[in-house]
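Chains as they are written, first to last, in numbering that gives the first Met the number 0: chain A, 0 to 303; chain B, 0 to 303; chain C, 0 to 259; chain D, 0 to 259.
Each residue gets a CB set at the ideal place from its N, CA and C atoms; glycine is no exception.
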Amino acid sequence: MVDISTELSGVKLDNPIIPASGTFGFGAEFNNLYDINILGSFSFKGTTKEPRFGNPTPRIAECRDGMINSVGLANPGIDAVINEELPALRDVFHKPIIANISGFSVDEYKYCCERMNKEDQVEILEVNISCPNVHAGGMAFGTTPDAAAEVTAAVKSVTDKPVYMKLSPNVTSITDIAVACEAAGADGISLINTLLGMRIDIKRGRPVIANKMGGFSGPAIFPVAVRMVYQVYDAVNIPIIGMGGVSTAEDVIEMMMAGASAVEVGAANLVDPFTCPKIIERLPKLCEELKINKLTDIIGRAHG
Amino acid sequence: MVDISTELSGVKLDNPIIPASGTFGFGAEFNNLYDINILGSFSFKGTTKEPRFGNPTPRIAECRDGMINSVGLANPGIDAVINEELPALRDVFHKPIIANISGFSVDEYKYCCERMNKEDQVEILEVNISCPNVHAGGMAFGTTPDAAAEVTAAVKSVTDKPVYMKLSPNVTSITDIAVACEAAGADGISLINTLLGMRIDIKRGRPVIANKMGGFSGPAIFPVAVRMVYQVYDAVNIPIIGMGGVSTAEDVIEMMMAGASAVEVGAANLVDPFTCPKIIERLPKLCEELKINKLTDIIGRAHG
Amino acid sequence: MEEYIRKQIDQELTIISNEKIANDVYRMSLNGDTSLITAPGQFINIKVPGFYLRRPISISDYDDEGVTIIYKVVGNGTDALCRMRPGDTLMCLMGLGNGFDVNACGDHTLLVGGGVGTPPIYGLAKALLALGKRVTVVLGFGSQGDVFYEDEFKDLSKILSGKDLDVRVATVDGSYGTKGFVTDCLKGLDDVTDYCACGPIPMLKALYGYYDGKILGQLSFEERMGCGFGACVGCSLNTKSGFKKVCKDGPIFWSQDVIF
Amino acid sequence: MEEYIRKQIDQELTIISNEKIANDVYRMSLNGDTSLITAPGQFINIKVPGFYLRRPISISDYDDEGVTIIYKVVGNGTDALCRMRPGDTLMCLMGLGNGFDVNACGDHTLLVGGGVGTPPIYGLAKALLALGKRVTVVLGFGSQGDVFYEDEFKDLSKILSGKDLDVRVATVDGSYGTKGFVTDCLKGLDDVTDYCACGPIPMLKALYGYYDGKILGQLSFEERMGCGFGACVGCSLNTKSGFKKVCKDGPIFWSQDVIF
């Protein structure tokens, strides 16, 4: 019997599969389709202090083996999330929840993390300092070690829950940012967020999406994600949630061998809403084929 | 009759299609397959002062819609290139040649560019400051504006041919690097080189390629390339050679609308050796469909 | 895996026919499980082999055996779709969106289709006629070569109620029917109680302006979608009652909710 | 486009059969233009639908009508290949690599195949026997379930020369033939003039050591390839006569050139 459970900073997960923030809403749509309690955890829609419509539409573009979104942190705001979404979720979901938090100032990050700290079912805070969609927003924090450390230290001061900093891949040195977050007290690192990408509609001669550029995700970016998880595993001593184009059980194994303790599944949920159940079903069988008895044994194995 | 000719710093090209350095050798293999004089130009295998075997094998890995290479600047060295490859090429190729130069020190860049300056058929120097494959090599120059500018100024001092700096996409701000190159005298910018990527063989639990990481190319990276060409077009006033996953005539149009004056085709040559002839054949028809009379009219069109 | 699954919306459908019916416009009939379709105006989200995102296409007609869709070739994905052949299969997310509320329709509903907004209007007309309701159909196209389904609408009338259905067609260039827009075809329809429309935003806006709040309409919107089932929030619409997801809260919105 | 094209190496082949012949090992016959194949030991580079890079597979046998390849399922690409069916088509770059030099073979050539290195040895044996040359065949496999083509080699002899061909088989675990490696099967072969081998590097190295420069060999190498026709320099080999491309200068190298 293969043991596919894992752990993030003391939080036990039945399996490493976590739908990524922004691809799973607050769970309701997917809970109509399957019992979401089969998941290891899930990271809910990136939440900000105020409600946000997000960027103008169109805000989706297709790519070869991927997509670009410029949703721009559309969310109902932290009041509605705490008062409406989390109670509804509590009724149907009995596994640990990861709260994904975004902000446009250090104070806003602090405010939201302090509020989330009081929510019992939230076991991990995932702090997004990398969303490339908002002009005045997240991008800046994730692109320098100092700003990343400042956000980390600020949110750590207001919560006793584990804090995972979610990093942008659009940087020269991902390890510099990760090391700065660790030094500032981060309990873990989530990576990668989307690559900044763009498509042009050649019939119109204009960018496909209204905001011109957006976050590029999907299987196309997987090799970049594996590389960065591998590099960060070498650079820090805190756990990593790996993500970026993961679509199959094989991808999950590859990401864990690179150094991830758990794995988020993003864009794949959108094109096949049953991606996560399929991976969870396949994972024990794949482990048997690969002679893996305990999944956590393979974390970082490729560093050999 | 559609005019698909274009121009790079006064060098006229019959069409914008240029096989990218490292995917076309010195032309001989492809000249056996088709008359390479149909090309706009081509950028030959990255040349260094000394002959190089490159990195240990295996040095190729497959990705979804792309590949990773860690060839590591394998080349016969500048003496053999000048004494053997270029004379052989001269016999069969009568279009402008782009000399792709790599180096491990500013002096080595200077040395190679000075030598190439004397080669008549070489009309443009493409200076690679971005190859991510060599531990001690190119990477460093392409990742800071100062180092990029230093190489630019050095090679400009020894040649009167147009100098195109080939940039790495593995940076926080591609525009900072491009602007520094322009300020240091670059005549044009080539981008993007490969993204740094990695794959792990889950059966062995080890990186697929001997050197662990390598340069990720192919259609998967196209949206990142389009984004960076678009950004750099806004930031500089010198011509851009756009590249990164270009495989079809539609991709060429998209790259030019983003801001490219000509387009390099890389990995696609490896999986379909007839990619460039197919694009050149299709391009005038596609222009007609899109009501484009003169291809240069669309350069940067997406900036509106 | 069955024990976790609550609603298997991803169904394999088999292509029965796929034929051109107007300029760049194709009709495809597919066989398969249609039990998740609950109302006209819903759509299916099709995985076209070789493309990452699915293609949302509105349902024109359906019965227990399968669905009919009508789509326009607008890019590589729909181009690949039009090259598929009978016997090929497609994975489709079934029964997406809210659909038109047929029970909310009044005594004489104006049904308006613009271009490839026409197909869901066909299914809606069929449903309303089956309920014994009176409808008038107005279709708008660019030019004669773009026109489709005028005869199919007329045939509906014969089959379902035995008397002629009033079907009016406008073309922008006047090459067929009334020259102009759908709003140029509304003469003599003073007893219309409400309207249902699917087509380009300018058409919806013109209708909204024409009726100026005097009667209510159900308007079907289009937007570039990521998932089609409410997960990605890619296709948002700001309405008078808040931010809505076109794919899940819509694609049909009440006219008094829409901000033009 | 024809006027630019000098050598159309990218040919469409049609699968005639695709059958399992040993553990994870399949034989596929393909119909198509084989005019670019010039020697045994060459390979074709196959575009498997859904995969970016082609799969280089050595040619086991060919005639004017088509080629036979034998391949092992080692990953997703070859797994997809083994699921393809008669009638399906594959784009293949034809006639790649140098192949074995049959004219350089002596009076009694030892032919050695290790695992899926065996297929090109079959084509080579056929070519040498057709030239009236004497050969002895030694095949090495892991275990009994991995063994293939022993009978096909024996049949070659009957067809071509009417007398028995000496075919020896070793398995590492001893479950079939001689227990051990190919080098454990060389007794009584003192008059061998030269050898040709394809298989894992340790096998090639063992043969090289066994003959210790006394006789020369043609050794076929494998390496992960990008293009298969010499463009990308992905599959380099450092030899005594310089850096070589396995795909273009090889895959066959003379033993005295190889650096082990």
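- Setting aside the 5 residues that flank it on each side, B/L195 is surrounded in the same chain by P131, N169, M212, G213, G214, F215, each with a C-beta closer than 8 Å to its C-beta; the list follows chain order.
- Within the segment 166-214 of chain B, the runs of beta strand (DSSP E) at least 3 residues long that lie entirely inside it are, in chain order, 187-190, 194-197.
- A residue is called buried when at least 16 other Cβ atoms come within 10 angstroms of its Cβ; A/M197 meets this threshold and is buried.
- The shortest CA-to-CA distance from A/V70 to any of A/Y232, A/M254, A/A209 is the one to A/A209.
- For A/H93, the three-state secondary structure derived from DSSP is coil.
- Burial state of B/N268 is buried, judged by a 10 Å Cβ sphere holding 16 or more other Cβ atoms.
- Here DSSP, grouped into helix, strand and coil, assigns C/Q10 to strand.
- DSSP, read as helix, strand or coil, puts A/C111 in helix.
- Judged by DSSP secondary structure, B/I81 falls outside any alpha helix (DSSP H); it is assigned neither H nor E.
- At a cut-off of 9 Å, the C-beta of D/L92 has a neighbouring C-beta in chain B.
- For the segment 246-274 of chain A, residues whose beta-carbon sits nearer than 9 Å to a beta-carbon of chain C comprise A266, N268, L269, V270, D271, P272, F273.
- Identification of residues in the segment 3-36 of chain C having a C-beta nearer than 9 Å to some C-beta of chain A yields Y3, I4, R5, K6, Q7, I8, D9, given in sequence order.
- Annotation: Cβ neighbours of C/G225 in chain A (cutoff 9 Å, chain order): T22, R58, I59, M66, N68, V70, A266, L269, V270.
- Note on geometry: alpha-carbon atoms of D/S28 and C/G116 lie some 50 Å from one another.
- Within the same chain, and ignoring the five residues on either side of A/A185 in sequence, the residues whose Cβ sits closer than 8 Å to its Cβ are T151, K155, V162, Y163, M164, I237.
- Put simply, the segment 236-251 of chain A does not touch the segment 88-96 of chain A. Fewer than three CB pairs are less than 8 Å apart.
- With a threshold of 9 Å between beta carbons, B/K44 makes contact with chain D.
- Listed by position along chain D, the residues whose Cβ is nearer than 8 Å to that of B/P283 form an empty set, because the closest Cβ is around 13 Å away.
- Taking C-beta separations shorter than 6 Å and ignoring five residues to either side along the sequence, the partners of B/E49 in its chain run G76, following chain order.
- In this model, C/P48 and A/N54 are separated by some 30 Å (Cα to Cα).
- As DSSP reads the structure, C/E64 sits in no beta bridge.
- Distance from the CA of A/D2 to the CA of A/R300, rounded to the nearest whole angstrom, comes to 17 Å.
- Taken in chain order, the whole alpha helix (DSSP H) runs of length 4 or more contained in the segment 100-148 of chain C are 117-129.
- Of all residues in the segment 208-238 of chain A, the ones placed with a Cβ closer than 7 Å to any Cβ belonging to chain B are M212, F215, P218, A219, F221, P222, V223, V225, R226, Y229, in chain order.
- Contact annotation: in the segment 85-97 of chain A, no residue has its CB less than 9 Å from a CB in chain C.
- Here C/Q10 really is in contact with C/M93; their C-beta atoms are around 5 Å apart, less than 8 Å.
- Listed as beta-bridge partners of D/L185 by DSSP are no residues whatsoever.
- Within the DSSP secondary-structure output, C/E18 pairs in a beta bridge with C/R26.
- Contact of A/N192 with chain C by beta-carbon distance below 9 Å is absent, the smallest such distance being about 15 Å.
- In the structure shown, the three-state DSSP call for C/K71 is strand.
- B/A261 is bridged by DSSP to B/I240.
- Its chain contains S40, P95, E122, I123, P161 as the residues whose beta carbon lies nearer than 8 Å to that of A/V10, once the 5 sequence neighbours on both sides are disregarded; these appear in chain order.
- The beta-carbon distance between B/R226 and A/A219, rounded to whole angstroms, is 13 Å. This is too long to meet the 8 Å contact definition.
- With contacts defined as CB atoms closer than 9 Å, C/L164 and C/L123 fail to qualify as a contacting pair.
- Contact check for D/E64 against D/T33 passes: the beta carbons are separated by less than 9 Å.
- In this structure the segment 225-235 of chain D touches the segment 17-32 of chain B; the number of beta carbon pairs closer than 8 Å is three or more.
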